[in-house]
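Per our numbering, the very first residue in the sequence shown carries number 222; after that it's consecutive.
Where a beta carbon is used, it is the ideal one built from N, C-alpha and C, also for glycine.
All figures in this text were calculated on a predicted structure; none of them were measured in a lab.
To start, the structure under review is shown below, and the notes come after it.
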Amino acid sequence: MSVFGPAGDTLLFRRYPFEGVPIPAAVADSVMSARERQLGANSPELAAAFRKGARLPRIHPPVASLIVGRDGTVWMERPGDAGRRVYFVVDSLGEPVGTIDLPRNATVSAAERGRIWVLERDENDVQSIVRYGIRWRAG
């Protein structure tokens, strides 16, 4: 993680362990096919050139989304289980605070160290904003 000041100077640089989550071959193929269809609508030659030269990564990026908390905490959603959302949280100095695990239908919209505001969708796709308190485990 890098944090830059207004003048572009590096204020903070930290590395965190990351275990790559493989992109399944079927997903990669679907992405390639969809892009080929888009390109092929205009030019079959362009679609063929894309298929020949395109390279997809083998793993998902380490961060799927990121929220900067109201208190300077940073909430990084990690790719993972299709049924869950996992957020790795660090404080304003880059020190790890912990990890939270949410259902897939819940997305962090705002956060601070002791609470989060989550947008949840129910089985009818109705959205609700829910605030949760968080107690971090020591250690």
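Sequence-distant partners of Ile321 (beyond 5 residues in either direction) whose C-beta falls short of 6 Å from its own C-beta, in its chain, are Tyr308. Across the structure, Arg235 and Trp296 are spaced so that their CA atoms are roughly 14 Å apart. By a beta-carbon distance limit of 8 Å, Arg305 contacts Pro324. Their separation comes to about 7 Å. Ser264 carries a coil assignment under DSSP once its states are collapsed to helix, strand and coil. In this structure, the beta-carbon distance from Ala285 to Arg276 does not fall below 8 Å. Setting aside the 5 residues that flank it on each side, Leu232 is surrounded in the same chain by Val224, Gly226, each with a C-beta closer than 6 Å to its C-beta; the list follows chain order. If you draw a straight line from the Cα of Pro245 to the Cα of Arg358, it comes to about 34 Å. By the Cβ neighbour-count rule, Ala332 is buried, with 16 or more other Cβ atoms within 10 Å of its own. With a cutoff of 8 Å on beta-carbon distance, Val252 and Ile280 are scored as not near each other.
Per DSSP, reduced to three states, the secondary structure at Val339 is strand.
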